[in-house]
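**Student:** Please find one structure pasted underneath; my questions will follow.
There are 2 protein chains.
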Amino acid sequence: MKTEIIAVGTELLLGQIANTNARYLSEKLAEKGIDVYWHTVVGDNSERVAEAFRLALTRADLIILSGGLGPTADDLTKETVADVFGLVLEMDEAWEKELEHIFARLERKMTDNNYKQALIPRGARLLVNNHGTAPGIWLEHGGKIVVLLPGPPRELMPMFTEQVLQLLPERNGVILSRVLKIIGLGESAMEERIADLLANQTNPTIAPLAKHAEVHLRLTAKAATRGLAEVLLDATEFNLLQRLGEAVFARDEETMADKVASLLFKKMMTITVAESCTGGLLAHMLTNVSGSSAYFLQGQVVYSNRSKIELLGLQPELIEKYGAVSEEVARSMAENLRKRSASDLALAITGIAGPTGGNAEKPVGLVFIALAAAEGISCRKFNFIGNRETIKERAVMAALNMLRLYLAEING
Amino acid sequence: MKTEIIAVGTELLLGQIANTNARYLSEKLAEKGIDVYWHTVVGDNSERVAEAFRLALTRADLIILSGGLGPTADDLTKETVADVFGLVLEMDEAWEKELEHIFARLERKMTDNNYKQALIPRGARLLVNNHGTAPGIWLEHGGKIVVLLPGPPRELMPMFTEQVLQLLPERNGVILSRVLKIIGLGESAMEERIADLLANQTNPTIAPLAKHAEVHLRLTAKAATRGLAEVLLDATEFNLLQRLGEAVFARDEETMADKVASLLFKKMMTITVAESCTGGLLAHMLTNVSGSSAYFLQGQVVYSNRSKIELLGLQPELIEKYGAVSEEVARSMAENLRKRSASDLALAITGIAGPTGGNAEKPVGLVFIALAAAEGISCRKFNFIGNRETIKERAVMAALNMLRLYLAEING
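Heads up: the sequence lines are chains A and B, in that order. Quick note, the first sequence lines up with residues 1 to 412 if you use our numbering. Quick note, the second sequence lines up with residues 1001 to 1412 if you use our numbering.
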């Protein structure tokens, strides 16, 4: 069943709000195995609403329109749809009474344009609105299913899940998605390793999506049952893990911080962090996980050289000789912090987040990350690109990834 | 100039992300007085991209396509547009070199599919991507303007504002928006103070939008010129400021951190922070501003009681007597930190971010925030609602707001 979602609302075309209704409806339809092929947005203009609706009738089997059901003169979706189909609008007496009740309760006078909301096209089915005054409409006509929903998300969402989803025909089958999250491989390097799968595999499909500091692979399987879809996803995930190995750090909703937290819990190790250019973001990520006080002891945001010396006991000569952004300083930060805080592990970051502060030898984006453990210190050098926030984020993800790889390798 | 925005991406049709690019582009175009009549979303399917593009050519003068410019086999927007116009793709040698530079710098091997990104339709103009590898394209053909932008918002947004907006023709008449950001007043308390304006004012219109820790008021004015629209906005802003006073903390793109930073710069004061429940987020916000090393000296994430005692010199008896989440501990954290770090100001936060750790006497969301200055310490108690991340965010915003109000009041 090919589906088109048409949102009606000038506020969308003025960029005042994003079309979150289409996102929500699409997600719910995908879970039910119904394919959405088009999203369209038009303004509160009956001619363009009619044009969009007529086009949808030529290509889609299910057409969902949102917005334009309210009491004002701007609200004309219902009238337009009825007009295109040549259907008259009739008063729904039950909803008319309901509206009168609502207005009596609010102690507000009900005006003529409020009554207009209880009109529905002949032959249509009214969808009750438990969160507002405009009802929705379910209409089957000429082999098409047309659904009209109110625009406000808190009215549209419950109406769709509680009423529309039940009315939609059962498609044999479901569409199930799974996301694998990858770090430390560029999008193109990753694609080379799995080029044949990307090109040839159709169920599940595999779609890459580059994020700031990570790449997501979304697997989408269609199958008769949820169980079969899971089997298809498992098989492809197994294949991908063989190619991508430890670059895959998490699945679905799990974040890098969640992954690192679960490893720290499992290994029962404590950690402290010292940050220069990332300014607290690493500590923030590590403490976003509930229960993080079990492993996170303290963080130091050592922005000034003075604070590096006083709080971490760095040798002023070291900073003078190598510069605050150097492997030597990163190593010393991590090592000193670990000793002073008596934690199992210490992570230290020093770098240049920009936009100022860089030069030819040490450009913006240069970052050193050191991890100190009982058996020694490792340090990596990175050259990140992006603006200040992106560089901070990429540096923090790289630091968490170093921690993840370390924790995954040690025994115990 | 009628405009259509076509977003290409199956992830949009599956409801995995909302079409925030269309919102952003529409907002910027409205400011320039350019009418957007249609948003369309289609999947990564060359047939449907071509169909949507051909339809747009029949009704729009300016067509902006986003997404599908990357290196993978899925990325086919550029190829489809060139094909509809019958244009060949040619290698842009400058961008080819740029790509080679980027890959050399990242120490990554550049693969064949990366080179594909440097291909542009004959006669087109390349739009530089400062945040990624896929350039944008500006193409004038058959009386139409066609713009291709990369899908990731962090690449699309700067490319559009820095390059495309300058290339677009000037229009008669503009729609201009301004956002006033409000903190410390609930949405309904705010609405009560300005109810008459919300109900009656039509140019500019005033639309409230509640965010996690702040409320935004969006003013939208229509006028013949930018200057006239500004005058309308200024008059309404003046009216609103009289009603809302110091609760208005910033305008438009300015964030609370920007505001606080500019006050710290102006007063030439330095700050240090000590955080418990917010776990580094306060330091992260304060260091998100470029040049923050001028005022931000250091941050302490004192998660454990031990770190509070060792790093801040708190009396163990104080924690024992009042608990780590108490006014006494917050005050002592701020005072000790200010003395130890020799900063002008010190902000301290202690609280319960949840979801665990609360009880009847000290529930989740209880937060104490103390600000120490030369003339003394002030402390406020808050009861925030929300999940862990929301409570962290609200606590940080409240702390920054205390700092803002303090800085705004002192002389000098």
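For glycine and all other residues, C-beta sits at the position ideal for the given N, C-alpha and C.
Kindly list, in the order they appear in chain B, the residues whose Cβ is closer than 9 Å to that of Gly279 of chain A.
**Tutor:** Listed along chain B are Gly1280, Ala1283, His1284, Met1285, Leu1286, Thr1287, Asn1288, Ser1292, Phe1296, Gly1299, each with a C-beta nearer than 9 Å to that of Gly279 of chain A.
**Student:** Mind checking Ile1410 of chain B: buried by the 16 CB within 10 Å criterion, or exposed?
**Tutor:** Flag for Ile1410 of chain B reads exposed.
**Student:** Using a Cβ-Cβ cut-off of less than 7 Å, give me the residues of the region 1127 to 1155 of chain B that come near chain A, in sequence order.
**Tutor:** His1131, Pro1152, Arg1154
**Student:** Which residues in the same chain as His417 of chain A place their Cβ atom closer than 8 Å to its Cβ, once the five residues preceding and following it in sequence are excluded?
**Tutor:** Chain A is shown only over 1 to 412; residue 417 of chain A falls outside these bounds and no answer can be derived.
**Student:** Might you give, ordered along the chain, the residues of its own chain that have their beta carbon closer than 8 Å to the beta carbon of Leu1119 of chain B, omitting 5 neighbours on each side?
**Tutor:** Lys1078, Leu1089, Glu1090, Met1091, Asp1092
**Student:** Does DSSP classify Lys266 of chain A as helix, strand or coil?
**Tutor:** In the structure shown, the three-state DSSP call for Lys266 of chain A is helix.
**Student:** Shorter than 8 Å from the beta carbon of Ala18 of chain A to some beta carbon of chain B?
**Tutor:** yes
**Student:** Could you check where the alpha helix (DSSP H) with Asp234 of chain A kicks off and where it finishes?
**Tutor:** 226 to 244
**Student:** Does the beta carbon of Gly1105 of chain B come closer than 8 Å to any beta carbon on chain A?
**Tutor:** In the sequence on display, residue 1105 of chain B carries Arg and not Gly. Judged by the 8 Å Cβ criterion, Arg1105 of chain B is in contact with chain A.
**Student:** Note the first and the last residue of the continuous beta strand (DSSP E) segment covering Ile1017 of chain B.
**Tutor:** It is not in any beta strand (DSSP E) - Ile1017 of chain B carries neither H nor E in the DSSP assignment.
**Student:** Is it the case that the Cβ atoms of Leu434 of chain A and Ala348 of chain A are separated by a distance below 8 Å?
**Tutor:** The structure shown does not extend to residue 434 of chain A, since chain A spans only 1 to 412, so no value can be given for it.
**Student:** Quick check: what's the CA-CA separation for Leu312 of chain A versus Gln1201 of chain B?
**Tutor:** 58 Å
**Student:** Counting along the chain, where does the alpha helix (DSSP H) carrying His101 of chain A start and finish?
**Tutor:** 93 to 105
**Student:** Within the chosen definition, does the region 235 to 252 of chain A reach the region 1252 to 1265 of chain B through at least 3 CB pairs nearer than 8 Å?
**Tutor:** no
**Student:** Which class does Glu328 of chain A belong to by DSSP, given the choice of helix, strand or coil?
**Tutor:** helix
**Student:** So Pro208 of chain A contacts chain B; which residues on that side make the cut at Cβ distance below 8 Å?
**Tutor:** Those are Thr1072, Asp1074, listed as they occur along chain B.
**Student:** Since Ser26 of chain A and Gly151 of chain A are thought to touch, with beta carbons under 8 Å apart, how far apart are those beta carbons, to the nearest angstrom?
**Tutor:** Their Cβ separation, rounded to whole angstroms, is 16 Å, which puts Ser26 of chain A and Gly151 of chain A out of contact at 8 Å.
**Student:** Per DSSP, what are the beta-bridge partners of His39 of chain A in this structure?
**Tutor:** A:Ile5, B:Val1041
**Student:** What residues of chain A sit near Lys1109 of chain B, judged by a beta carbon separation below 8 Å?
**Tutor:** Ala189
**Student:** I'd like the span of the beta strand (DSSP E) that includes Ile1063 of chain B, first residue to last.
**Tutor:** First-last of the beta strand (DSSP E) with Ile1063 of chain B: 1062 to 1066.
**Student:** Assign Thr1133 of chain B to one of two classes, buried (16 or more other C-beta atoms within 10 Å of its C-beta) or exposed (fewer than that).
**Tutor:** buried
**Student:** Which residues, in chain order, does the region 1242 to 1274 of chain B contribute to contact with chain A at a C-beta distance below 7 Å?
**Tutor:** Per Cβ criterion, the list is empty.
**Student:** Just the chain B side, please: which residues come within less than 9 Å of Thr202 of chain A by C-beta, in chain order?
**Tutor:** The premise fails here: Thr202 of chain A is roughly 13 Å from chain B at the closest Cβ pair, so nothing lies under 9 Å.
**Student:** For a contact meaning CB atoms closer than 8 Å, what does Val302 of chain A contact in chain B?
**Tutor:** Simply Gln1298.
**Student:** Under a CB-based cut-off of 8 Å, is Tyr406 of chain A close to chain B?
**Tutor:** no
**Student:** Using a Cβ cut-off of 7 Å, pull out every chain B residue sitting near Ser26 of chain A, in sequence order please.
**Tutor:** Leu1013, Leu1014, Gly1015
**Student:** Take Pro966 of chain B and list the residues in its own chain whose beta-carbon comes closer than 7 Å to its own, dropping the five residues that flank it on each side.
**Tutor:** The structure shown has nothing for residue 966 of chain B, since chain B only spans 1001 to 1412.
**Student:** Taking Cβ-Cβ distances shorter than 8 Å, what residues in chain B pair up with Glu389 of chain A?
**Tutor:** Simply Asn1288.
**Student:** Check whether the region 1228 to 1240 of chain B touches the region 1367 to 1377 of chain B, taking contact to mean three or more Cβ pairs, one atom from each stretch, closer than 8 Å.
**Tutor:** The region 1228 to 1240 of chain B, when compared against the region 1367 to 1377 of chain B, does not touch it at the 8 Å Cβ threshold.
**Student:** Output needed for Lys392 of chain A: all residues of its chain with C-beta closer than 6 Å, excluding positions within five of it in sequence on either side, in chain order.
**Tutor:** Apart from sequence neighbours up to five positions away, the residues of its chain that approach Lys392 of chain A with a beta-carbon distance below 6 Å are Thr278, Leu281, Ala353, ordered along the chain.
**Student:** Which value, in whole angstroms, describes the spacing of the CA atoms of Ala1207 of chain B and Val1036 of chain B?
**Tutor:** Taking the Cα positions, Ala1207 of chain B is about 20 Å away from Val1036 of chain B.
**Student:** Who pairs with Gly136 of chain A in a beta bridge, going by DSSP?
**Tutor:** A:Leu127
**Student:** Do you know whose CA, among B:Leu1198, B:Lys1097, B:Ala1060, B:Glu1107, lies nearest Gly1143 of chain B's CA?
**Tutor:** B:Ala1060
**Student:** My guess is that Ala1330 of chain B and Ala1395 of chain B are in contact by the Cβ rule of under 8 Å, so how many angstroms apart are they, rounded?
**Tutor:** Ala1330 of chain B to Ala1395 of chain B, Cβ: 11 Å. No contact.
**Student:** If contact means a Cβ-Cβ distance below 7 Å, which residues of the region 332 to 343 of chain A contact chain B?
**Tutor:** Residues of the region 332 to 343 of chain A with a C-beta less than 7 Å from any C-beta of chain B: none at all.
**Student:** Quick check on Val1036 of chain B - is its C-beta less than 8 Å from some C-beta in chain A?
**Tutor:** Yes, Val1036 of chain B lies at the interface with chain A (some Cβ there is under 8 Å from its Cβ).
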